[in-house]
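In what follows, a structure is listed as structure tokens, so that the remarks can point back to it.
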Amino acid sequence: MDEKEEDKSEESKKNHISYYKSLSKVIANIQEEKKIEGDPTVKTHLNSRIEAMEEDKKRIRKMFPDITDKEWNDDSS
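Residue 7 is where the sequence shown starts when you use our numbering, and the numbers rise one by one after that.
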């Protein structure tokens, strides 16, 4: 299977930073949802979603290793 070459342009970088930040917000929302959820099956599903998003965040950070932690976590954008 051929792997697609990753787009590391400035525009792609900006888009990936925005996406990374949105994933962080979604993860925070799901963690809050888990606190009030009583059904263990639903909690397991929510954990799986968080794990998948964390993996995507790792993939994005590997694409742009020159970006600082401050840039990844800055909420001003």
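Built from N, CA and C at the ideal position, the CB exists for glycine as well.
- In the three-state DSSP reduction, P46 falls in the helix class (H, G or I).
- In the structure shown, D13 falls within a coil segment according to DSSP collapsed to helix, strand and coil.
- Annotation: the continuous alpha helix (DSSP H) that includes D75 extends over D75 to N79.
- In the three-state reduction of the DSSP assignment, D62 falls in the helix class.
- Y26 sits buried, since 16 or more C-beta atoms from the chains shown fall within 10 Å of its C-beta.
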